[in-house]
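Data block below; observations after.
Protein chains in written order, with the UniProt record's numbering: chain S, 1 to 163; chain Z, 1 to 122.
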């Protein structure tokens with residue numbers, strides 16, 4: 001079942017009509033492909049953002065064995081996890097093939113403290129989430145959802161993917 | 001792509017009511033050794049869709065998993081070793097995932113499944 005909110009919706013009109021495409025997602029994907037090749041291995045600004053986000057996991061008493069990491073600075077998120085959230089299984093998803101490859105290569109070359117996390121890599125779109133319902137404990141997106149056009153639709157799908 | 005990932009992926013094409021489990025088409029399977037962590041497997045077991053895992057492992061050429069499984073079997077190291085191998089050591093390197101309702105193929109290249117939809121599928 002598709003929970004995307006911007007399909008076949010003729011009842012909503014006007015400037016807020018969900019059929020208006022604000023972003024060219026295909027172009028955005030190509031831009032991220034290109035960005036993957038231009039990125040520095042570790043950008044202090046991005047790292048600070050990811051670190052701040054991950055700090056919030058330490059405020060939770062709950063642990064999150066299975067996590068989904070979406071778009072944005074996912075490479076930094078994986079690299080900086082350092083056991084936070086007690087994540088055992090991490091799925092990294094991005095619409096850009098080269099960005100996913102970058103994450104995969106970085107994981108393969110790692111010499112850091114995240115070696116006990118089983119990581120997997122998927123090309124996918126958060127607006128049409130290919131994740132089964134009730135299968136993850138945590139969704140992280142660091143600077144990733146700002147180019148999502150249908151944010152409510154993506155949020156509904158992410159909610160159904162959570163346990 | 002490993003089978004613990006396959007166990008969570010589903011087809012999200014417009015109009016598909018049940019996109020799980022995706023069928024696997026194999027071009028190349030590789031095996032990579034991973035350290036054995038029994039507790040990881042015990043934690044993971046309750047969330048697995050067992051039948052989907054057994055079918056997927058068979059498609060990948062691994063037939064050692066029993067048809068049915070329950071939590072009492074987690075005491076047996078032999079069972080855990082088999083589960084470990086199926087979930088974490090088998091990689092679908094090249095091939096495809098096939099939507100069970102529409103037959104649409106999602107290609108898997110260099111171990112990365114491409115689950116992006118075309119414009120006419122959303």
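Glycine residues also receive a C-beta, built at the ideal position from the N, C-alpha and C atoms.
(message) By the 8 Å beta-carbon criterion, what residues does the segment 80-103 of chain Z contribute toward chain S?
(response) Along the segment 80-103 of chain Z, going in chain order, the ones with a CB nearer than 8 Å to a CB of chain S are 88.
(request) Identify the continuous beta strand (DSSP E) that holds residue 95 (chain Z) and give its terminal residues. (result) Run containing residue 95 (chain Z): 90-98, per the beta strand (DSSP E) assignment.
(message) If I measure Cβ to Cβ from residue 88 (chain Z) and keep anything under 7 Å in the same chain, skipping five residues before and after, which residues do I get?
(response) 2, 4 and 34
(message) With a threshold of 9 Å between beta carbons, is residue 138 (chain S) in contact with chain Z?
(response) So, not an interface residue.
(request) Could you tell me which uninterrupted alpha helix (DSSP H) segments, each at least 4 residues in length, are contained entirely in the segment 8-49 of chain Z, listed from first to last along the chain? (result) 38-44
(message) Residues in the same chain with beta-carbon distance under 7 Å from residue 108 (chain Z), minus the five sequence neighbours each way, listed in chain order, please.
(response) 1, 92, 94, 95, 96 and 97
(request) Identify each residue in the segment 84-98 of chain S for which the Cβ-Cβ distance to at least one residue of chain Z is less than 9 Å, and report them in chain order. (result) 88, 89, 91, 93, 95 and 97
(message) Could you compute how far the alpha carbon of residue 14 (chain S) sits from the alpha carbon of residue 37 (chain Z)?
(response) Note that residue 14 (chain S) scores 45 on pLDDT, short of 50, meaning its location in the model is unreliable; the coordinates nonetheless yield the value given after this. Cα to Cα, residue 14 (chain S) sits roughly 56 Å from residue 37 (chain Z).
(request) Would you verify that the beta carbon of residue 156 (chain S) is, or is not, closer than 9 Å to some beta carbon of chain Z? (result) no
(message) Within 10 Å of its beta-carbon, does residue 124 (chain S) have 16 or more other beta-carbons around it, so buried, or fewer, so exposed?
(response) buried
(request) Identify the contact partners of residue 2 (chain Z) in chain S, using a Cβ-Cβ distance below 9 Å as the criterion. (result) Near residue 2 (chain Z) (Cβ distances below 9 Å), the residues of chain S are 118 and 120.
(request) Please list the partners that residue 141 (chain S) has in chain A, where partner means a Cβ-to-Cβ separation under 9 Å. (result) Protein chains in the displayed structure are S and Z, and chain A is not among them.
(request) Following the continuous beta strand (DSSP E) through residue 108 (chain Z), name the residue where it begins and the one where it ends. (result) 105-109
(request) Can you give me the Cβ contacts of residue 20 (chain Z) inside the same chain, cut-off strictly under 6 Å, excluding the 5 residues immediately before and after it? (result) 10
(message) Against chain S, does residue 45 (chain Z) count as a neighbour if the rule is that its beta carbon must be under 9 Å from one of theirs?
(response) no
(message) Given this structure, state the Cα-to-Cα distance separating residue 156 (chain S) from residue 131 (chain S), to the nearest angstrom.
(response) Distance from the CA of residue 156 (chain S) to the CA of residue 131 (chain S), rounded to the nearest whole angstrom, comes to 12 Å.
(message) 9 Å is my cut-off, CB to CB: does residue 145 (chain S) come that close to chain Z?
(response) no
(request) Just the C-alpha distance for residue 11 (chain S) and residue 25 (chain S), rounded to the nearest angstrom, thanks. (result) Only weak support exists for where residue 11 (chain S) lies, its pLDDT of 42 falling under 50; the value from the coordinates is given anyway. Taking the straight line from one Cα to the other gives about 24 Å.
(message) For a quick check, are the C-beta atoms of residue 44 (chain Z) and residue 89 (chain S) less than 9 Å apart?
(response) yes
(request) Using DSSP bridges, identify the partner residues of residue 114 (chain Z). (result) S:123
(request) List the residues of chain S whose Cβ lies closer than 9 Å to the Cβ of residue 36 (chain Z), in chain order. (result) Those within 9 Å of residue 36 (chain Z) in chain S number zero; the least Cβ separation is about 12 Å.
(message) Less than 9 Å between the C-beta atoms of residue 95 (chain S) and residue 107 (chain S), yes or no?
(response) Taking 9 Å as the cut-off, the beta carbon of residue 95 (chain S) is found no closer than this to the beta carbon of residue 107 (chain S).
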